[in-house]
Amino acid sequence: MIETILLGTYTKQTSEGIYQVELDTTQKQLQNLQLVAKVENPTYLTVSQQQMLYAVDRYQDQGGVSVTQLGDRSQVLQHLVQPGTPPAYVTVDEHRHLVFDANYHEGTVHAYQIQADGTLNLAHTFTNQGSGPRPEQSEAHPHYVDRTPDEHLVVCDLGCDEVFILDYDAATGFQTVSKYETAPGFGPRHVVFNQQGNTAYLVGELASEVEVLNYHNGEFRHVQTLKTIPDDWEQHNGAAAIRITSDNRFVYVSNRGHDSIAVFAVNDDGTLELIQNCAIAGSFPRDFALNADERFLVCGNQTTNNLSLFERNSENGKLKLIQKDFAAPEVVCVYFK
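For what it's worth, the working numbering labels the leading residue of the sequence shown as 972, then goes sequentially.
Quick look at the structure:
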């Protein structure tokens, strides 16, 4: 079976924009890298059910979101940008026909209304302020926005050590429901929820840790904190992407510096146990993703310009490297279409 993966990239060196690559699950290999759309610094992306590709965009020295119609000849339809830097994350709300982004450098979250042709109109902006104790936390840095299982929005602000639950209304914009504060210097980056929607796993980039949180009625409560790297690792590390399997049994986190993927087993009470730090055969694994049946994991290694393919043991959750050195330029987002 052939599965298609979209790759978001930086375009600082040889990359020209958004690429796609195939995963042959029978042959257990990656193949056929192709350019999909020429967009500057499309560092995160998502695809709607209508096959519209929404990506982080830098266009004419401004930042925002690009819109590309996928097909045999994909076409960039729109660059919706404004003065400032591009966002760090983008997601689609299919039910309400919205796109949200989180802008790390501007300290903002935007809501865009999807038009009939798939293009966007900027509707509302949420702005945060604050700081944290580390040098990287001199101001607010929203790094992630997405829906919660109960249809709120969750925002991870790395700069302020805060995780917001927000509501959004087309008429009035954003309203804050609750605010959870992590340990100082944690640097919340991304979060995932279990299938029941009552437990969240929050990755802290700056602390190289994962927090286990109870979630109920739009509020988080701390349960557990674990390191994503070995205790004796003394060099720099920044935790990055986090994923959870559909059976709720395993959580995965990428480590940039230690250059590994941390594998956690989920206990019956939702707490975690670190069971593996798997080397990724590359450097700076900014993102990774599981394929449709979760037998494989594909990791993008930004500074070594390669993808690594792992086979996943569904019983014990551990990873085995089966392909390395598949060339792909400046990869920072891995998205199974």
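All C-beta atoms, glycine included, are put in the ideal place defined by N, C-alpha and C.
All figures in this text were calculated on a predicted structure; none of them were measured in a lab.
Distance check for residue j and residue i, CA to CA, integer angstroms please.
i, j, result
"R1257", "Q1167", "27 Å"
"Y1186", "V1163", "11 Å"
"Q1049", "R1214", "30 Å"
"F1297", "L994", "11 Å"
"S1102", "L1129", "9 Å"
"L1016", "E974", "17 Å"
"A1154", "P1120", "24 Å"
"R1044", "V1269", "25 Å"
"E1152", "Y1172", "14 Å"
"G1034", "V1027", "8 Å"
"V1061", "Y1115", "8 Å"
"E987", "E1011", "7 Å"
"G1078", "I1085", "23 Å"
"L1124", "V1148", "9 Å"
"L1069", "Y1139", "10 Å"
"A1236", "L1137", "30 Å"
"T1395", "A1142", "Lying before the first or after the last residue shown, residue 1395 is absent from the chain, which here runs from 972 to 1308."
"A1082", "T1014", "18 Å"
"D1239", "R1029", "44 Å"
"N1226", "G1175", "11 Å"
"T1199", "F1255", "15 Å"
If you compare alpha carbons, which of the options is closest to residue i?
i, options, result
"G1158", "D1138, S1109, S1149, E1205", "S1109"
"N1003", "Y1083, D1132, Y990, K1150", "Y990"
"E1180", "F1191, L1197, Y1030", "L1197"
"H1193", "N1012, F1267, G1241", "G1241"
"T1096", "F1191, G1144, L1292, G1175", "G1144"
"E1182", "R1220, A1082, V1224, A1142", "V1224"
"V1302", "G1035, N1276, D1117, V1036", "N1276"
"E1133", "C1270, E1190, A1263", "E1190"
"D1088", "T1170, E1011, A1263, S1019", "S1019"
"R1266", "D1064, K1289, L1177", "K1289"
"V1080", "T1274, T980, A1094, E1107", "A1094"
"H1112", "C1131, P1106, R1105", "C1131"
"I1293", "D1064, D1202, Q998, T1199", "Q998"
"L1051", "T1170, V1038, K1308", "V1038"
"K1009", "G1055, V1047, Q1040", "V1047"
"N1287", "P1057, Q1031, L1245", "L1245"
"L1278", "G1253, D1202, Q1195, L1261", "G1253"
"G1271", "C1127, A1299, P1057", "A1299"
"G979", "G1175, W1204, L1024", "L1024"
I'd like the span of the beta strand (DSSP E) that includes residue i, first residue to last.
i, result
"T1017", "1016-1018"
"E974", "973-980"
"A1233", "1231-1237"
"I1215", "1209-1215"
"E1265", "Where E1265 is concerned, there is no enclosing beta strand (DSSP E), given that its DSSP letter is neither H nor E."
"N1185", "1180-1187"
"F1255", "Where F1255 is concerned, there is no enclosing beta strand (DSSP E), given that its DSSP letter is neither H nor E."
"I1085", "1079-1085"
"Q1146", "1144-1152"
"T1039", "1033-1040"
"L1024", "1023-1030"
Does residue i come out as helix, strand or coil in the three-state DSSP assignment?
i, result
"D1106", "Looking at the sequence provided, one finds Pro at residue 1106 rather than Asp. P1106: helix per DSSP, three-state reduction."
"C1131", "coil"
"Q1273", "coil"
"K1295", "strand"
"L1004", "strand"
"S986", "coil"
"R1067", "coil"
"I1200", "coil"
"R1192", "strand"
"Y1075", "coil"
"E1218", "The residue you asked about is not Glu; residue 1218 is Asp in the sequence shown. DSSP places D1218 in coil when its eight states are reduced to three."
"G1156", "coil"
"R1044", "coil"
"H1050", "strand"
"V1116", "strand"
Does chain D have any CB closer than 7 Å to the CB of residue i?
i, result
"A1298", "The structure shown contains no chain D; it is built from a single protein chain."
(Q) Any contact between the stretch 1242-1256 and the stretch 1220-1233? By contact I mean 3 or more CB pairs, one from each, below 8 Å. (A) yes
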